[in-house]
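Here is the structure we will look at, set down as structure tokens.
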């Protein structure tokens, strides 16, 4: 099995989870095991299903690694949690849910995202989100992870239905903030909004100063080659180049919109959304037993 870059963020005390991060180099994605040290229950956040775009082939090597890490650490999954339907990687949520008999959750506004993509794919009857996820969570909902509680915070901007999971002094902030030396995530996908992203980030940065924020992606910088994912609220408030220091809403929106104009679509996006809106399932097999992707031409 491929060697993988991982991090460990220890629990800081009662009601504080320990967090293990696993980096997926092909997509620059971070996925997490958020564990209760007392009961050894955990949640898996934003797990990756491997996908090679050239042959359109999926595999489960990364998800198998997550399972082996949980076994090594003595954790058992209580939840599989996706923060949003990802545009740059497939979710392994369905595969892990079936493999471990663990419920799979995502934000309830995934239904609104599905409505957008039914039109883009011209698939009016696709994406039964209520059937393909075990739970659709809303602002203020709470999820038990052993003795810990994960609270749900609606965090639109990157997508219209992204959610943040806050577990004690840890928050999984997905594609809102990037690492503290980079800035923030893009807001130009269908349903995205730089205005809403600013508001979501301000709510995240209103958490206590010592809250550990775990981001969804990292691509390194010219000064830093090693992947990074964790910084505190205080660090982001002070040092984040897009929202820290004296940044204003207007300055943020200007920077974010100009940056987004330079970004192309992720190479997995048009494949990924039709999988992730099915909870990680491939499109239904056709009469020959194979699944086929439907890719819209000249829409983006």
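Numbering (our numbering), first residue to last: 9 to 308. Quick reminder that beta carbons are idealized off the backbone N, C-alpha and C, glycines included. All values reported here derive from a predicted model rather than from experimental measurement.
Per DSSP, what kind of secondary structure is residue i in: helix, strand or coil?
i: residue 88; result: strand
i: residue 148; result: coil
i: residue 295; result: coil
i: residue 245; result: helix
i: residue 167; result: coil
i: residue 289; result: coil
i: residue 65; result: strand
Let's see if you can read the secondary structure: which residues bound the beta strand (DSSP E) around residue i?
i: residue 231; result: Careful: residue 231 lies outside any beta strand (DSSP E) and carries neither H nor E.
i: residue 179; result: 178–182
Looking at the unbroken alpha helix (DSSP H) that takes in residue i, where does it start and where does it end?
i: residue 105; result: 101–108
i: residue 76; result: 69–81
i: residue 263; result: 257–269
i: residue 279; result: 277–284
Which residue or residues does DSSP assign as beta-bridge partners of residue i?
i: residue 57; result: 98
i: residue 28; result: 16 and 41
i: residue 161; result: 172
i: residue 305; result: Answer is none; residue 305 lacks a bridge partner.
i: residue 48; result: Residue 48 is not bridged to any residue.
* Using 8 Å as the threshold, is the segment 128–143 in touch with the segment 187–194, meaning 3 or more CB pairs across them? -> no
* To do: Go through the segment 111–159 residue by residue and report every complete run of the alpha helix (DSSP H) that reaches 4 residues or more, in order.
  => For secondary structure counted as the alpha helix (DSSP H) over 4 or more consecutive residues, the segment 111–159 holds these complete runs in sequence order: 118–129 and 137–140.
* Curious, which full-length alpha helix (DSSP H) runs of at least 4 residues does the segment 185–240 contain? -> 202–212
* Is the segment 150–170 touching the segment 188–207, taking contact as three or more C-beta pairs under 8 Å? -> yes
* **the segment 48–68 in contact with the segment 33–40 per 3-pair CB rule at 8 Å** => yes
* To do: Determine, using beta-carbon pairs with one atom in the segment 170–180 and one in the segment 10–30, whether at least three such pairs fall under 8 Å.
  => yes
* Asked: Taking contact to mean at least 3 C-beta pairs separated by less than 8 Å, is the segment 277–290 in contact with the segment 95–104?
  -> yes
* Asked: Hey, is the segment 106–122 in contact with the segment 145–162, meaning 3+ C-beta pairs nearer than 8 Å?
  -> Yes, the segment 106–122 is in contact with the segment 145–162.
* Mind the definition here: the segment 83–90 touches the segment 149–163 only if three or more C-beta pairs lie below 8 Å; say whether that holds. => Result yes; three or more Cβ-Cβ pairs closer than 8 Å.
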